[in-house]
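Asks:
There are 2 protein chains.
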Amino acid sequence: MNAPFPEPARKDGPRSLHQRILADIEGAILSGAWPPGTQIPFEQDLAARYGCSRMTVNKVMTRLVAAGLIERRRKAGTFVRHPHSRSAILEVVDVRREVEGLGLPYGFEILRRVLRRSTEAEGARLGLDAPVDLVEIASRHFAARHPFCLEERLISLKAVPEAAAESFGDLPPGAWLSARVPWSTAEHRIRAVGADAPVAAALMVPRGTPCLRIERRTWSAREPITLVFITYPGERHELVARFAPG
Amino acid sequence: MNAPFPEPARKDGPRSLHQRILADIEGAILSGAWPPGTQIPFEQDLAARYGCSRMTVNKVMTRLVAAGLIERRRKAGTFVRHPHSRSAILEVVDVRREVEGLGLPYGFEILRRVLRRSTEAEGARLGLDAPVDLVEIASRHFAARHPFCLEERLISLKAVPEAAAESFGDLPPGAWLSARVPWSTAEHRIRAVGADAPVAAALMVPRGTPCLRIERRTWSAREPITLVFITYPGERHELVARFAPG
DNA sequence: GAGTGGTCTAGACCACGAT
DNA sequence: TCGTGGTCTAGACCACTCA
């Protein structure tokens, strides 16, 4: 879990030294070259490597801590943080926590799991140039034995080959992915929809019931990882986000 | 538009010097003591004021720039930035831009405007200890002469006394507020709802139509500013947010 | 106890841009 | 032109925490 020095990112671009160091380290983390838990070289070593003073490296590290990409412990060193969310809107992907946060027992069930090639429409949604192999997983999350939400997910096997061999019997795909794959960008699209027949059946509500539907796409350095639709039944479910300006 | 030195925030708390400086300046901006456009004292003056080196002040300023609270121009100085949004989820409050971004002509109409005292339920929602005077405004936004969304808003006159005299005939309340009041925290709650009778009438859709409803609350340094519900009809409307980890 | 990060200094030179 | 921010140095001391 130790990292060598980061590969210099691009020769062009960054004017200042600390911007270059920042780009190198950020690149190593977001590309997956330094997966979560990796120990980053010490400030002194990085300073020597870049031929600069410790202060310059420290400024970069301070920014990375503020950005939530790394955590630091005195004497122990600096480590790549595990993926995390910044707002409740993002935490929705960990449905288990959401349910348990309500004080309800959590349940989980796989409805469908298929290995196949991406269709043209999916390729467009995922921003693909050419079709890729993927896993399609439909699953249901329960709270106190009642359907809580429906999850329909595609995982690109080009980005995450291990997903082909995973049954997701124990760990829901969202949690499995977030523990394994670092991501650089995510996009949410949130809509109100009326339940169509399959959704109504899965969630056990009348057809036409207003549902909150979240589409989430995740990339790692331009490579699409996953596309997921999560559908919550009825008017009770709320998505909450808190912000500060900047 | 020039600022004196910032008032020290609290005597307790912040351990390190640059944390104290950060808290002071951030406090001055978010409290409204330094409104947008205010010129902040020069680095050298702040360093002298706090009895520290310029480097220490600079570290704070760099963080404030990264946070988007200030902008800096060589030779000119450092200024408090005008309020801005970080994601499309926040930009939703400027419905006009949203509509014009679709290439459609924008329209706006006030349905109701009432000066009154807050009810108990509203006080709870706003996090008030005691009732306050407020303005209640219902308005409708149009795209290409079709109802685009319904806006139901409360503005606290304790936080924004000028709102009592404002008719909102020209400028929608959202735009009026964001140009005037700095905010420190906002909270969104997003739900799917079926249109009830008044909503169905205002948006000209059948009752029960799934609608996306956003509740947005905004505070300035613990003082509630506004509570607004925005309801979009049907399944076509999407809320989009893009994130990077950290 | 020793090594790490946390913080800070008192300078320095440069580039930009307002005047 | 020349004052401002942008960047960087080569040290320093301290506190925490792991071994």
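Which chain is which? The protein sequence lines are A and L, in order. The first sequence runs 434 to 679 under the working numbering. The second sequence runs 434 to 679 under the working numbering. Quick reminder that beta carbons are idealized off the backbone N, C-alpha and C, glycines included.
Please report how far the alpha carbon of A:R549 lies from the alpha carbon of A:E555, in whole angstroms.
Replies: Spanning the two alpha carbons is a distance of roughly 12 Å.
Asks: By the DSSP assignment, the beta strand (DSSP E) with L:L590 in it spans what residues?
Replies: First-last for L:L590: undefined, no H or E at that position.
Asks: Suppose you measure from the CA of A:L455 to the CA of A:P474; what does that come to, to the nearest Å?
Replies: Cα to Cα, A:L455 sits roughly 14 Å from A:P474.
Asks: A:P615: which of A:L502, A:Q472 and A:R496 sits nearest, CA to CA?
Replies: When only C-alpha atoms are compared, the closest one is A:L502.
Asks: Output the residue ranges of the beta strand (DSSP E) runs that lie fully inside the stretch 601-662 of chain A and measure 3 residues or longer, sorted by chain position.
Replies: Those beta strand (DSSP E) runs which fall completely within the stretch 601-662 of chain A and span 3+ residues are 618-627 and 643-653.
Asks: Report the rounded CA-to-CA distance for A:Y379 versus L:L672, giving the unit in angstroms.
Replies: Since the first residue shown for chain A is 434 and the last is 679, residue 379 of chain A is missing from the structure and cannot be characterised.
Asks: Is L:D445 close to chain A, meaning its C-beta is less than 7 Å from at least one C-beta of that chain?
Replies: Its pLDDT being 49, under 50, L:D445 is placed unreliably in this model, and the value from its coordinates should be taken loosely. Chain A, which has no Cβ nearer than 7 Å to the Cβ of L:D445, makes this no.
Asks: Can we say the stretch 564-571 of chain A touches the stretch 499-513 of chain A, given the rule of at least three CB pairs closer than 8 Å?
Replies: In short, these stretches do not touch, since the Cβ pair count stays below three.
Asks: Can you tell me whether L:E584 is buried or exposed, with buried defined as 16 or more other CB within 10 angstroms of its CB?
Replies: By the neighbour-count rule (16 or more Cβ atoms within 10 Å), L:E584 is buried.
Asks: Could you tell me which residues DSSP pairs with L:I570 in its beta bridges?
Replies: DSSP, once it has assigned bridges, lists L:R546 and L:R586 as partnering L:I570.
Asks: Are A:I543 and A:S572 touching if we call contact CB-CB under 7 Å?
Replies: It is a contact, given that the beta carbons lie within the stated cut-off.
Asks: What does a CB cutoff of less than 6 Å around L:A592 pick up in its chain, not counting 5 residues either side in sequence?
Replies: The residues are E656 and I658.
Asks: For the beta strand (DSSP E) holding L:E555, just list the boundary residues, first then last.
Replies: L:E555 -> not in any beta strand (DSSP E); alpha helix (DSSP H) instead, spanning E553 to L559.
Asks: Would you identify the three-state DSSP class for L:E533, choosing helix, strand or coil?
Replies: It is helical.
Asks: Going along the chain, which unbroken runs of the beta strand (DSSP E) with 3 or more residues stay wholly within the stretch 447-528 of chain L?
Replies: Counting only runs of 3 or more, we get 503-506 and 510-513.
Asks: Given that A:A625 touches chain L, what residues does it touch there, using C-beta distances under 7 Å?
Replies: In chain order: A625, P643, C644, L645 and E668.
Asks: So, is L:R624 buried or exposed, given that buried needs 16 or more other C-beta atoms within 10 angstroms?
Replies: Under this definition L:R624 is a buried residue.
Asks: Please identify the residue among L:V547, L:A436, L:F575 and L:L559 whose C-alpha is closest to the C-alpha of L:V532.
Replies: It is L:F575.
Asks: Beta carbons nearer than 7 Å to chain A: which residues of the stretch 613-624 of chain L have them?
Replies: Those would be W616, S617, T618, A619, E620, H621, R622, I623 and R624, in chain order.
Asks: Would you mind sorting L:R646 into buried or exposed? The rule is 16 or more other CB atoms within 10 Å of its CB.
Replies: The residue in question, L:R646, is buried, as its Cβ has 16 or more Cβ neighbours within 10 Å.
Asks: Could you check which residue in A:P666, A:T489 and A:R545 has the C-alpha nearest to that of A:S449?
Replies: Taking only the C-alpha atoms, the option nearest A:S449 is A:T489.
Asks: For a quick check, are the C-beta atoms of A:H670 and A:R649 less than 7 Å apart?
Replies: No, Cβ-Cβ distance for A:H670 and A:R649 is not below 7 Å.
Asks: With distances taken from CA atoms, which of A:F581, A:R507 and A:D562 is nearest A:L537?
Replies: Out of A:F581, A:R507 and A:D562, A:F581 has the C-alpha closest to the C-alpha of A:L537.
Asks: Is it buried or exposed, L:E579, if we count other Cβ atoms within 10 angstroms and call 16 or more buried?
Replies: At residue 579 of chain L the sequence reads His, which differs from the Glu that was named. By the 10 Å Cβ count, L:H579 comes out exposed.
Asks: Based on DSSP bridge pairs, tell me the residues matched to L:F575.
Replies: Paired residues: L:G540 and L:P580.
Asks: Closer than 8 Å by beta-carbon distance: list the chain A residues that pair up with L:L672, in chain order.
Replies: Correct list: H621, R622, I623 and R624.
Asks: Quick one: what does DSSP say A:A563 is sitting in, helix, strand or coil?
Replies: The answer is coil: DSSP assigns A:A563 none of H, G, I, E or B.
Asks: On a Cα-Cα basis, can you pick out the residue from A:I663, A:E668 and A:T651 that is closest to L:T642?
Replies: For L:T642, the nearest C-alpha among the options comes from A:E668.
Asks: Would you tell me roughly how many angstroms separate the C-alpha atoms of L:F438 and A:E599, rounded to the nearest one?
Replies: Roughly 60 Å between the two C-alpha positions.
Asks: Look at the alpha carbon of L:F512 and the alpha carbon of A:C644, and state the distance between them as a whole number of angstroms.
Replies: Distance between the alpha carbons of L:F512 and A:C644 is about 45 Å.
Asks: Check A:A436 in the structure and name its three-state DSSP category.
Replies: In the structure shown, A:A436 sits in coil (DSSP, three-state: anything other than H, G, I, E or B).
Asks: In the DSSP assignment, what residue or residues form a beta bridge with L:A674?
Replies: In the DSSP output, where bridge partners are listed per residue, L:A674 has A:H621.
Asks: Exposed or buried, what is L:L535 when buried is set at 16 or more other beta-carbons lying within 10 Å of its beta-carbon?
Replies: It is exposed - the Cβ of L:L535 has fewer than 16 other Cβ atoms within 10 Å.
Asks: Suppose the cutoff is 7 Å on Cβ atoms and the five residues either side in sequence are ignored; what does the same chain contact list for L:L561 look like?
Replies: Counting only Cβ-Cβ distances below 7 Å, and skipping sequence neighbours, we find S551 and P657.
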